[in-house]
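The structure appears below as C-alpha cells.
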Amino acid sequence: MAIRNDVSSLLDRIGRHDLRYREFGDPLGDMEMWPIFEALLQDRRIVGEAPSALDQRRRSQAVQQRMVAAPLPADPTPPPPPPPRSQPPLSVAPQAQPVQSPSPANDAQVRAFFGQLGAGTRTNGRDQ
Amino acid sequence: MSLILFHSPKGGVGTTFLAAHCAMELATRGHDVVAIDFTYQATLKLFFGLLPDQPLVKAGDTSGDEIVVAGVELFDGEELGRSPAFRQLLSQPGAQPFPTDKVIVADIAAHDRALRQLLMPHAALHVVPLVPRPAALAALVHVDPDTPLIELERTALVLNMLDDTRTLARHSRVFLSEAFGDLMAGSVRRDESVAEAIANFDSLAKLFPHSPALGDIAHLAGVLEQRAGLVAHEAQASA
Ligand SMILES: Nc1ncnc2c1ncn2[C@@H]1O[C@H](COP(=O)(O)OP(=O)(O)OP(=O)(O)O)[C@@H](O)[C@H]1O
Ligand SMILES: [Mg+2]
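Those protein sequence lines, which keep their order, are chains D and B.
Going by the working numbering, the residue at position 90 of the first sequence is 93; the numbering climbs one at a time, nothing skipped.
Going by the working numbering, the residue at position 134 of the second sequence is 166; the numbering climbs one at a time, nothing skipped.
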C-alpha cells in the first residue's frame, strides 16, 4: 500500500521504519448495518409472535428491497411523516409493578408535588 | 393526559437534550409546560442555559420560588422519582395524579426503566431517542419489557445525531421508517453547536438560533404535539 507523504516524513523524523502502515477511514460512518437490521426484524421483542422462518425471510427481504429502492436524500432535511401503519396496534402499556409501602414523610412530599403541578397558572404563582 | 416521557433503553443518545428542547418548543407553541428532571445527573437544566451549580426547585418542595426558563417550569424530580410514596401512587389502579391542563415533560435516565414503567400508564406519549449506531439500535428490543416494539401504541422513535453524509446514518433512518413506519416520529441532525452552547452555559436558541438541530426539533415538536393529542386539547381549551 502506498504510504502517505506526511506519514512517511513523520516516520522518518521519529526514526521508525518498522511500523506496519494502515490507512484508517471513518471507522463507523460507512459501516454496513444490515446484519443488525435483519436481527431486529427477526426478534420477537420487536415484531411480536414468533413468525415462521418464511415470514421472517419475506419481511427482511421486503425491508431490504425498500431500503435499496428508497432514494437517499442529498440534503439532510427531516423525513416526511410516514404513512399510517397498516397493522393495528394491539395492546397498551402493562400494569406497573407494586412497590414497597410508602413512608409518611414521603406522602407529604408527593402531595406537595401534585399541589405544585396543579397550582393554576404561573401568573398566580404558588397558590395551593 | 399530557405527560410525555423521554426515555431510551440506550444512554447517551440525547434523551435529555431532546426532552429540554421539545419542552421549550412546546412552550413556544402555547402550552403550559413543566419539565421534570428525574435523573441524578441533573443535566436537563444545562440545555436551558442554567449553570451546573444552579439548583432546581425540588419536586414537592413548596418553600422556594418557581424557576421558569424559556416558558418551561423546571423541577428536580430525582428524590421524588425514588420515593416509595410516589411509586406507590403511580401504581394504584385508577390513579390520575397529573393535571391535564399542563404538558409535563419527564426526563428519565436510561437505567431507570422501572420509573418509565410506572409512569407509562399515565403518559400520553413515550419518546424513545436513538442514534444511528449499532448498540443503540440493538437496544430497541428493550423499549418495553412485555410488548413487542411494533405493537406499542404510545411510542415515538426519534433518530438523533443524524449525519446524512454517512451511509450508516442514512441506512438507519430508512430502515427505521421502513420497518417501523408510524412509530418513527422524526430525526434530529447532529449539530456541533449543541455542545458549544452547553460549554458556554447558554441556550442553543440564543447562541445559535439557526442551529439545524433546533430546526429539526421545531418540526419534531409538531409531530409529538399531534401524537400526544395536545392539538385537540388546545383547540378545545380555546373553543
Ligand atoms: N443532535 C445533537 N447534535 C450534537 N450533539 C448532541 C445532539 N444531541 C445530543 N448531543 C450531545 O450529546 C451528549 C449527550 O446528550 P444527552 O445528555 O442529552 O444524552 P442522554 O441520552 O440524556 O445521556 P444519559 O444517558 O447520560 O442521560 C451531550 O453532550 C449533548 O450535548
Ligand atoms: Mg440524560
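Ideal Cβ placement from N, Cα and C applies to all residues, glycine included.
ALA227/B beta carbon near ligand 2 (any heavy atom closer than 8 Å)
no
Strictly under 9 Å for the Cβ-Cβ distance: is TRP111/D near chain B by that measure?
The sequence shown places Ala at residue 111/D, rather than the Trp named in the question. For ALA111/D, the answer is yes, since a Cβ of chain B falls inside 9 Å of its Cβ.
Between the segment 65-75 of chain B and the segment 122-137 of chain B, can you find at least three pairs of beta-carbon atoms closer than 8 Å?
yes
With a cut-off of 9 Å, does the C-beta of GLY118/D fall near any C-beta of chain B?
yes
Reduced DSSP category for ARG221/B - H, G, I as helix; E, B as strand; rest coil:
strand
Whole runs of the alpha helix (DSSP H) within the segment 172-250 of chain B, excluding any shorter than 4 residues:
199-212, 225-231, 236-239
Given this structure, state the Cα-to-Cα distance separating GLY43/B from LEU43/D, to the nearest angstrom.
19 Å
If you run the structure through DSSP and keep just helix, strand and coil, what is ASP15/D?
helix
Classify THR197/B: buried if its beta carbon has 16 or more other beta carbons within 10 angstroms, exposed otherwise.
exposed
Residues of chain B with CB closer than 8 Å to the CB of ALA115/D, please, in chain order.
GLY92, ASP93, THR94
Cβ shell of VAL226/B (< 7 Å), same chain only, five flanking positions each side left out
PHE49, LEU236, ALA245
Using a threshold of 8 Å, is the CB atom of GLY51/D nearer than that to any non-hydrogen atom of ligand 2?
no
Hey, out of GLU105/B, ILE140/B, PRO87/B, whose CA is closest to ASP69/B's CA?
ILE140/B
Can ALA91/B and GLY103/B be called in contact, C-beta distance under 9 Å?
no
Might you give, ordered along the chain, the residues of its own chain that have their beta carbon closer than 8 Å to the beta carbon of PRO87/B, omitting 5 neighbours on each side?
ASP108
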